[in-house]
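Below is one structure; the comments refer to it alone.
Protein chains: 2
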Amino acid sequence: MRISKINKMHNLSKNQQIIFDLIDKSSEPLKAYAILFNVQKKGIKAPLQVYRALDKLVEIGKIHKIESRNAFIACHNSSCQVAKATAFSICEICEKVTEISSAGLSKYLANFKDKDGMKYSKYNLEFFGLCKKCR
Amino acid sequence: MRISKINKMHNLSKNQQIIFDLIDKSSEPLKAYAILFNVQKKGIKAPLQVYRALDKLVEIGKIHKIESRNAFIACHNSSCQVAKATAFSICEICEKVTEISSAGLSKYLANFKDKDGMKYSKYNLEFFGLCKKCR
DNA sequence: TAATGTTTTGTTATATTATAACAATGTGTA
DNA sequence: TACACATTGTTATAATATAACAAAACATTA
Numbered sequence: 001m002r003i004s005k006i007n008k009m010h011n012l013s014k015n016q017q018i019i020f021d022l023i024d025k026s027s028e029p030l031k032a033y034a035i036l037f038n039v040q041k042k043g044i045k046a047p048l049q050v051y052r053a054l055d056k057l058v059e060i061g062k063i064h065k066i067e068s069r070n071a072f073i074a075c076h077n078s079s080c081q082v083a084k085a086t087a088f089s090i091c092e093i094c095e096k097v098t099e100i101s102s103a104g105l106s107k108y109l110a111n112f113k114d115k116d117g118m119k120y121s122k123y124n125l126e127f128f129g130l131c132k133k134c135r
Numbered sequence: 001m002r003i004s005k006i007n008k009m010h011n012l013s014k015n016q017q018i019i020f021d022l023i024d025k026s027s028e029p030l031k032a033y034a035i036l037f038n039v040q041k042k043g044i045k046a047p048l049q050v051y052r053a054l055d056k057l058v059e060i061g062k063i064h065k066i067e068s069r070n071a072f073i074a075c076h077n078s079s080c081q082v083a084k085a086t087a088f089s090i091c092e093i094c095e096k097v098t099e100i101s102s103a104g105l106s107k108y109l110a111n112f113k114d115k116d117g118m119k120y121s122k123y124n125l126e127f128f129g130l131c132k133k134c135r
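If you read the protein sequences in the order shown, they are chains R and H. Quick note, the first sequence lines up with residues 1 to 135 if you use the numbering used here. Quick note, the second sequence lines up with residues 1 to 135 if you use the numbering used here.
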């Protein structure tokens with residue numbers, strides 16, 4: 001019972017944990033094949049093993065995919081248990097990526113309705129510009 | 001002089017025009033290799049020819065890339081001469097994609113400042129949900 | 001028109017990103 | 001134990017995108 005509860009709180013499997021740890025300690029978004037290269041010494045040999053772990057980690061909100069870069073970063077936003085509302089800033093020079101956590105922004109977007117009055121369950125926003133260092 | 005002016009207004013080259021026409025008349029986002037397949041009868045034989053045209057068309061704002069789908073749609077927002085502020089709604093069932101043109105939204109995002117007071121020159125926003133038909 | 005720089009094209013090869021299909025093993029629960 | 005389901009391992013392949021180089025077309029100015 002306890003164990004099932006823990007599982008539902010998304011205890012990670014072996015491969016998932018290895019790959020999450022790598023992404024979590026990285027200072028920059030990691031690409032799938034860079035991850036593969038890094039975890040080969042831990043016995044993860046095939047792309048599919050990486051992609052499966054990535055899919056699951058994205059699904060449960062532990063990591064996010066930066067779509068414009070095909071790269072993955074750990075979620076550092078405690079409130080986002082699930083990957084349903086994400087916003088990032090991306091520096092076009094040094095490629096530094098930061099997850100934005102702005103209550104105002106998420107509220108605005110979560111409540112945004114299009115012309116037909118349609119509301120959306122999920123969004124991904126990527127801002128581009130120059131970071132402090134690169135300006 | 002006149003000609004140069006026209007060029008600066010982004011008259012399209014042969015391949016760019018062929019590929020833009022195809023995307024523009026499509027009711028759904030097109031993927032690069034679907035485009036390639038469709039324009040082979042017009043003499044465009046190699047992926048690179050397609051990608052080069054796509055890059056240029058994106059650069060001048062005639063088309064947009066839907067990052068989460070690796071697909072391209074024509075811009076139907078007369079005000080967006082350059083691909084610097086884009087927003088789309090995507091139906092997760094039928095994959096219908098619509099460009100959102102909301103003055104409120106674009107104003108809000110163009111003026112959005114992060115915690116460090118940083119403003120961004122460019123953004124891409126993708127909303128996900130169910131369209132009217134699929135709901 | 002000739003000379004020039006720039007953009008576009010054509011072409012082959014290759015790199016990068018991602019999934020299909022199938023068998024085996026592990027894990028949680030009845 | 002037995003069952004359902006998630007995870008793993010493995011090989012092969014599909015889908016997406018770029019490198020490098022040469023040639024042709026186009027725009028500008030002398």
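Backbone N, C-alpha and C fix where the C-beta goes; we use that ideal spot for every residue, glycine too.
Three-state secondary structure assigned by DSSP to residue i
i, result
"R:Leu22", "helix"
"H:Leu130", "coil"
"H:Leu12", "coil"
"R:Ser106", "helix"
"H:Tyr120", "coil"
"H:Leu125", "strand"
Residue-level contact to chain R via CB, residue i, 8 angstroms cutoff
i, result
"H:Leu105", "yes"
"H:Leu54", "no"
"H:Gly129", "yes"
"H:Asn124", "yes"
"H:Ile100", "yes"
"H:Ser13", "no"
Status (buried if at least 16 other CB within 10 Å, exposed otherwise) for residue i
i, result
"H:Leu48", "exposed"
"R:Gln40", "exposed"
"H:Tyr33", "exposed"
"R:Lys132", "exposed"
"H:His64", "buried"
"H:Ser89", "buried"
"R:Lys5", "Here the model assigns R:Lys5 a pLDDT of 32, short of 50, so the residue's position is not dependable and the matter cannot be decided."
"R:Ala103", "exposed"
Contact under 8 angstroms by Cβ, residue i with residue j
i, j, result
"H:Ala53", "H:Lys62", "no"
"H:Glu28", "H:Glu92", "no"
"H:Tyr120", "R:Gly129", "yes"
"R:Ser68", "H:Asn70", "no"
Cutoff 8 angstroms: residue i Cβ touching any chain H Cβ
i, result
"R:Lys133", "no"
Residue i CB to nearest heavy atom of the ligand NAP below 7 angstroms
i, result
"H:Lys41", "For the structure depicted, the ligand NAP is absent and the ligand set is empty, with no information on it obtainable."
Using a beta-carbon distance cut-off of less than 7 angstroms, what residues from the segment 58-91 of chain R approach chain H? Cβ contacts with chain H: Glu67, Ser68 and Ser89.
Taking Cβ-Cβ distances below 7 angstroms as the criterion, which residues of the segment 20-54 of chain R are in contact with chain H? For the segment 20-54 of chain R, which is checked against every Cβ of chain H, not one residue is closer than 7 angstroms.
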